[in-house]
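This report concerns only the one structure given below.
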Amino acid sequence: MISKKEYAARRKDLMSMMGHNSVAIIAAAPERVRSKDTYYPYKQSTNLSYLCGFAEPSAVMLLLPNRPQGEFILFCRDKDPLRETWDGHRTGPLQAKNILGADDAFPIDDIEDILPGLLEDKEHVYYSAGKDKAFDSRLMRWIDEVRNNTAKGNSNCDFVDLDHLLGELRLIKSAAEIKLMRKAADISAQAHCRAMRHCSAGQKEYQLQAEIEHQFMMAGASGPAYTSIVGSGANACVLHYIENRATLKSGDLVLIDAGCEYHNYAADITRTFPVNGKFSSAQAAIYDVVLAAQDAAIKTIAPGVTFDKANAAAIAVITQGLIDIGILKGEAENLIADGAYRDFYMHSVSHWLGMDVHDVGDYKVDNQWRVYEAGMLLTIEPGIYISADNSAVDNKWRGIGVRIEDNILVTKNGYEVLTDGVPKQRDQIEKLMV
Ligand code: GLY
Ligand code: MN
Ligand code: MN
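Residue numbers (my numbering): 209 to 642.
Right, here's the structure in full:
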């Protein structure tokens with residue numbers, strides 16, 4: 209759990225990065241209709257979660273650095289016995305103020321009366337636009353009103369991107385965050401082990417999905433951090449395959465990309481294993497190239513090393529590996545320069561991981577690749593995908609898709625793999641599946 213003290217420190221850190229005479233406005237994520245009057249499970253804005261941990265919709269938080277009457281203001285849903293009977297508990301402004309440590313809290317219905325007044329003398333409004341069009345246009349209207357009010361208005365009031373500042377803060381994980389991410393990684397690793405143990409030909413891909421997600425929730429996770437990918441056979445070559453309705457066939461591989469969300473933090477693991485528990489020689493050849501590429505990419509990680517090194521290492525191993533097994537022909541150096549590997553490896557090897565599965569944080573600083581620092585968390589996930597209708601390669605390779613993905617913490621001296629609770633060596637996978 210994240211303590212009240214840590215939330216306060218996060219807000220203070222953000223306010224210390226904001227300009228003079230400014231306000232940050234962070235809106236809760238909107239609720240989304242799934243069908244008529246039923247809704248998707250609610251997912252709070254990760255920026256709002258990060259700054260105060262409030263989980264309810266229809267809320268807006270304001271941070272006003274150095275405001276004598278208080279720096280943290282919250283608008284949230286008022287208590288409403290009737291709505292609470294139907295939809296569940298509402299914290300209400302009074303309790304929210306105490307629980308979250310806000311200096312003031314008001315009913316969200318009063319926002320039109322209160323918020324524009326708080327903008328009147330501000331020079332900078334920090335805001336993350338584009339996530340909720342309805343709130344974007346309300347805020348634009350309030351700002352316009354302030355700019356056009358000649359008596360009180362401030363025509364210099366400008367918008368500043370809040371995501372950039374929050375990205376910088378969220379990129380380095382605290383000890384409490386690392387603890388939660390370790391737990392998310394452990395639960396997800398156990399779920400992948402369960403899928404390997406329960407896999408058999410004739411099952412549907414969604415039944416393996418059910419095994420994985422069952423384990424997530426039985427272990428205390430809130431559910432999947434993103435839609436689980438279970439792709440058997442050539443479906444493994446579809447990078448964002450989420451249909452998960454095909455039947456598992458003996459002789460095919462199955463690729464599972466799934467991770468749980470635990471107290472708002474995500475894990476993101478991929479394993480690829482044979483449906484019948486034994487890799488064929490063609491599958492093993494591709495698998496070993498991907499595993500070697502992942503190993504080379506992981507080994508680049510250490511404080512001070514730039515983010516691009518891991519992908520370069522993966523590309524070198526994949527290209528050489530594809531030459532060695534006869535899929536690519538030519539000199540490695542030329543093939544890398546020409547991007548020949550892109551027919552088989554078409555995504556990047558890594559992304560930041562945190563409250564969002566593709567977490568916030570810039571990958572480049574001043575147009576240069578970012579340097580790793582202790583406390584950063586990322587994935588390493590190379591793959592080789594050979595399309596079922598790639599007539600340029602021998603028949604035996606067609607329809608094979610392999611990705612191996614782990615979650616890595618940058619430490620003071622190097623790195624730590626958080627997801628090693630699920631095997632990835634071929635012999636260990638085969639042993640687990642017996
Ligand atoms: N699960 C999404 C990804 O691996 O990036
Ligand atoms: Mn990933
Ligand atoms: Mn993934």
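Glycine is no exception: its CB is placed at the ideal position from the N, C-alpha and C atoms.
Assignment of Glu624 by DSSP, reduced to helix, strand and coil, places it in the strand class. In the structure shown, Leu536 adopts coil according to DSSP, grouped into three states.
Nearest to Leu463 by alpha-carbon distance, out of Ala454, Tyr449, Arg479, is Arg479. Contact between Tyr580 and Gly512 holds: their C-beta atoms lie close to 7 Å from each other, under 8 Å.
The chain-ordered list of residues whose CB is nearer than 6 Å to some heavy atom of ligand 2 reads Asp476, His559, Thr587, Glu589, Glu613. For Phe283, DSSP records a beta bridge to Val268, Phe314. Close CB contacts of Asp312 within its chain, under the 6 Å cut and outside five residues either way in sequence, are with Gly278, Ile281 (chain order). For Tyr247, same chain residues with a beta-carbon under 8 Å away, outside a window of 5 residues either side, are Glu239, Arg240, Val241 in chain order.
Secondary structure note for Pro482: its beta strand (DSSP E) is the uninterrupted segment 477 to 482. Taking all protein chains shown into account, Leu617 has 16 or more neighbouring C-beta atoms within 10 Å of its C-beta and is therefore buried. Around the Cβ of Arg550, a 10 Å sphere holds fewer than 16 other Cβ atoms; the residue is exposed. Distance check between Ser558 and each of Asp516, Leu373, Asp369 places Asp516 closest, using alpha-carbon atoms only. Within its own chain, the residues whose Cβ lies closer than 6 Å to the Cβ of Thr527, once the five positions on either side in sequence are excluded, are Ala540, Leu543, Ile544, Tyr549, listed in chain order.
Where Asn615 is concerned, the enclosing beta strand (DSSP E) starts and stops at 614 to 618. Ligand 1 never approaches Tyr571 closely enough for any of its heavy atoms to be under 7 Å from the residue's Cβ.
Contact between Asp286 and Pro265 does not hold, since the beta-carbon distance rounds to 13 Å and is not under 8 Å.
Taking a cut-off of 8 Å for Cβ pairs, the segment 441 to 455 and the segment 587 to 597 touch, as three or more such pairs fall below it.
Looking only at Gly629, Ile210, Glu320, Met223, the smallest Cα-Cα distance to Asn274 is reached by Met223. With a beta-carbon spacing of about 7 Å, Ser488 and Gly459 fall inside the 8 Å limit used to define contacts.
The C-beta distance from Ile210 to Ala384 rounds to 6 Å, short enough to meet the 8 Å contact threshold. Taking all protein chains in view, the Cβ of Arg218 is crowded by 16 or more other Cβ atoms within 10 Å, so the residue is classified as buried. Listed in chain order, the non-local C-beta contacts of Ala596 below 6 Å within the same chain comprise Ala442, Arg606, Gly607, local neighbours out to five positions each way being set aside. Here Ala492 is exposed: its Cβ has fewer than 16 other Cβ atoms, across all protein chains shown, within 10 Å.
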